[in-house]
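Some notes on the structure that comes next.
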Amino acid sequence: MAGRRRERGWPADPDPLPVPVVDNHTHLDAIGPFAAQVTDRVPDDAGELVERPIPVPSVEDVVARAAAVGVDRMVQVGCDLDAVRWTDALLSAGPADGDATSADGDVGSADGDVSRPERGSEGRISSPSARGASPSARGASPSARGASPSAVGIRTVAAAVLGAVAIHPNESVLHALGLRPAPGDLEVGPDGLTPEPEARHAVGLDDAIAEVAAVARANERVRAIGETGMDLFRTGPRGAKVQREAFRAHVALAKELGLAMQIHDRDAHAQVLDVLARDGAPERTVFHCYSGDAEMARFCAAQGWYLSFAGPVGFRANDELRAALRAVPLDQVLVETDAPYLTPHPYRGRPNAPYLVPYTVRTVAEVLGRSLEDVCRAVSRNAEQVYGGWPGAPA
Ligand SMILES: [Zn+2]
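Note that our numbering has the sequence shown beginning at 47, numbered continuously upward.
Here it is in structure tokens:
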């Protein structure tokens with residue numbers, strides 16, 4: 047099939063939603079760096095297929111493109127130490143509780159207040175950092191890629207965003223091992239990959255979780271601890287022990303701070319439910335990218351937990367996931383992208399961003415036999431209930 051065009055670029059914009067919704071789980075810090083790695087095969091002037099980089103959007107581009115199709119609020123999930131700091135910096139540029147809410151209802155201009163002074167000296171953080179691209183971009187003050195955005199732009203971006211922070215289960219294993227693990231300490235997971243420590247893993251696991259706690263305590267736009275949980279796809283039995291204890295520490299933290307919790311559960315349904323049964327779940331608990339069956343969905347719903355559905359609910363093979371969706375009351379359903387991963391059908395394999403959540407919302411409406419308006423209203427209201435309001439956002 048040499049020479050055949052296979053599109054890898056950004057999917058087309060969906061039709062706008064009739065009522066604005068929330069992307070329950072996205073990684074804004076990762077979208078730019080992810081796109082920077084992607085090339086598309088496109089015809090050149092002579093009709094010859096050539097590899098070309100795809101556009102790398104700024105965080106402002108990502109947020110504006112989403113707002114234009116009715117995704118005007120989102121939860122940014124910072125789940126490694128670098129991303130926790132990045133998220134903290136982004137949210138610190140946002141409006142505080144009690145700031146005037148824009149009343150014009152225009153999703154494209156959430157904040158017209160140009161007179162409000164910048165908080166601190168972090169006026170440049172709304173551009174995507176080159177996190178992952180260069181060591182100098184790491185740390186509390188992410189460096190800007192491209193032009194420095196305007197002050198209005200920063201607050202518009204930050205007004206659309208609330209945050210969740212945690213040390214991801216697969217990250218906790220690496221923090222526990224440290225930068226120079228003894229030979230044989232790095233377990234090859236069922237996925238066949240050997241984990242590779244990065245500079246941030248020099249910080250011990252307890253210290254890493256303590257930093258998450260400090261950010262969550264100090265930043266009022268951090269409304270959830272997550273994603274935390276267990277991932278038995280990526281780790282062996284020794285790593286699983288570490289993940290379990292890290293998960294328990296995150297559960298305790300969410301409860302102590304009265305925050306919601308977003309759970310990552312990959313091939314670990316029984317283990318995750320066991321921890322929640324023993325320790326008790328936080329009052330507002332969300333299974334991000336829900337992947338269990340209908341029976342587990344009924345159990346979760348009975349506990350009052352929320353299930354968040356991502357792109358896979360629309361994948362052809364996933365009848366079981368659609369059965370799970372039907373087993374949950376609509377007032378416990380959320381939708382998400384998990385961008386830049388898990389791009390919805392029919393764009394699987396291409397990069398993902400919050401502007402693509404309408405594809406999943408439409409799938410949910412179709413599966414439940416509900417009107418699109420009903421589903422939009424429900425997922426928006428559910429998110430507001432779980433995370434509290436988005437101060438400064440237009441809704
Ligand atoms: Zn995620």
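Even glycine gets a Cβ: it sits at the ideal position worked out from N, Cα and C.
Whole-angstrom distance between residue 314 and residue 189, CA atom to CA atom
As a first step, residue 189 is located in the sequence shown; it is residue number 143 there, counting from the start. As a first step, residue 314 is located in the sequence shown; it is residue number 268 there, counting from the start. Bear in mind that the predicted position of residue 189 carries a pLDDT of just 32, short of 50, making it too unreliable to give a figure here.
Using a threshold of 8 angstroms, is the CB atom of residue 102 nearer than that to any non-hydrogen atom of ligand 1?
Position 56 of the sequence shown, counted from the start, is the residue given in the question as residue 102. The answer is no for residue 102.
Report buried or exposed for residue 273, applying the criterion of at least 16 other Cβ atoms within 10 angstroms of its Cβ.
For this step, residue 273 is matched to residue 227 along the sequence shown. Counting Cβ neighbours within 10 Å, residue 273 comes out buried, since at least 16 surround it.
What does a CB cutoff of less than 6 angstroms around residue 220 pick up in its chain, not counting 5 residues either side in sequence?
In the sequence shown, the residue the question calls residue 220 occupies position 174. Correct list, in chain order: 241, 243 and 247.
Would residue 270 be called buried (16 or more neighbouring beta carbons within 10 Å of its own) or exposed?
Mapped onto the sequence shown, residue 270 falls at position 224. Buried: at least 16 other Cβ atoms inside 10 Å.
Report the CB separation of residue 328 from residue 379 in whole angstroms; it is logged as a contact under 8 angstroms.
Here residue 328 corresponds to residue number 282 of the sequence shown, with the count starting at 1. Here residue 379 corresponds to residue number 333 of the sequence shown, with the count starting at 1. About 19 angstroms separates the two Cβ atoms, so there is no contact after all.
Residue 331 by DSSP, collapsed to three states: which one?
Here residue 331 is taken as the residue at index 285 of the sequence shown, counted from 1. Annotated three-state conformation of residue 331 is strand, per DSSP.
6 angstroms Cβ shell around residue 99 - same chain, five flanking residues per side excluded
Walking along the sequence shown from the start, residue 99 turns up at place 53. Short of 6 angstroms from the beta carbon of residue 99, and not among the five residues preceding or following it, lie these beta carbons of its own chain, in chain order: 85.
Taking residue 72 and residue 105 to be in contact with their CB atoms under 8 angstroms, please state how far apart those CB atoms are, rounded to whole angstroms.
Counted from its first residue, the sequence shown places residue 72 at position 26. Counted from its first residue, the sequence shown places residue 105 at position 59. Not really, about 11 angstroms apart at Cβ, beyond 8 angstroms.
Are there 16 or more other CB atoms within 10 angstroms of the CB of residue 228, so buried, or fewer, so exposed?
Stepping through the sequence shown from its first residue, residue 228 is reached at position 182. Looking at its Cβ environment, which holds fewer than 16 other Cβ atoms inside 10 Å, residue 228 is exposed.
If we ignore side chains and look at the alpha-carbon of each, how far apart do residue 62 and residue 232 end up?
The residue labelled residue 62 in the question sits at position 16 within the sequence shown. The residue labelled residue 232 in the question sits at position 186 within the sequence shown. Cα to Cα, residue 62 sits roughly 46 angstroms from residue 232.
Cβ contact check for the segment 81-97 and the segment 116-136: 3 or more pairs under 8 angstroms:
no
Given 8 angstroms as the limit, tell me if residue 412 has its C-beta closer than that to any heavy atom belonging to ligand 1.
Translated into positions along the sequence shown, residue 412 becomes position 366. No, the Cβ of residue 412 stays beyond 8 angstroms of every heavy atom of ligand 1.
Residue 167: buried (16+ other C-beta within 10 angstroms of its C-beta) or exposed?
Working through the sequence shown from its first residue, we reach residue 167 at position 121. In this prediction, residue 167 has a pLDDT of 32, which is less than 50 and means its spatial position is unreliable; nothing more can be read from the coordinates.
I need the DSSP call for residue 315, collapsed to helix, strand or coil.
Within the sequence shown, numbered from 1, the residue matching residue 315 stands at position 269. If DSSP states are grouped into helix, strand and coil, residue 315 belongs with the helices.
Taking 8 angstroms as the cut-off, is the CB of residue 121 close to at least one heavy atom of ligand 1?
For the purposes of this step, residue 121 is taken as residue 75 along the sequence shown, with counting starting at 1. No, ligand 1 has no heavy atom inside 8 angstroms of this Cβ.
Under 9 angstroms, do residue 69 and residue 403 count as touching if we go by C-beta distance?
Against the sequence shown, residue 69 aligns to sequence position 23. Against the sequence shown, residue 403 aligns to sequence position 357. Yes. Within cutoff.
Quick check on residue 234: buried or exposed, where buried means 16 or more other Cβ atoms within 10 Å of its Cβ?
In the sequence shown, residue 234 corresponds to position 188, counting from 1. Per the 10 Å Cβ criterion, exposed.
Taking residue 237 and residue 293 to be in contact with their CB atoms under 8 angstroms, please state how far apart those CB atoms are, rounded to whole angstroms.
Walking along the sequence shown from the start, residue 237 turns up at place 191. Walking along the sequence shown from the start, residue 293 turns up at place 247. Not quite, the Cβ-Cβ distance comes to about 19 angstroms (not below 8 angstroms), so this is no contact.
Spatial neighbours of residue 389 within its chain, please: CB distance less than 6 angstroms, with the 5 preceding and 5 following residues excluded, ordered by chain position.
To locate residue 389, count along the sequence shown from 1; it is residue 343. Cβ within range, chain order: 357, 396 and 398.
Selection from 412, 321 and 259 that minimises the alpha carbon distance to residue 359:
The count along the sequence shown starts at 1 and reaches residue 359 at position 313. Out of 412, 321 and 259, 412 has the C-alpha closest to the C-alpha of residue 359.
Taking 6 angstroms as the limit between beta carbons, can you name the residues of its chain near residue 330, skipping five residues before and five after?
To locate residue 330, count along the sequence shown from 1; it is residue 284. Listed in chain order, the non-local C-beta contacts of residue 330 below 6 angstroms within the same chain comprise 306 and 432, local neighbours out to five positions each way being set aside.
Taking the continuous alpha helix (DSSP H) assigned at residue 255, which residues delimit it?
Counting from one through the sequence shown, the residue named residue 255 turns up at place 209. First-last of the alpha helix (DSSP H) with residue 255: 251-264.
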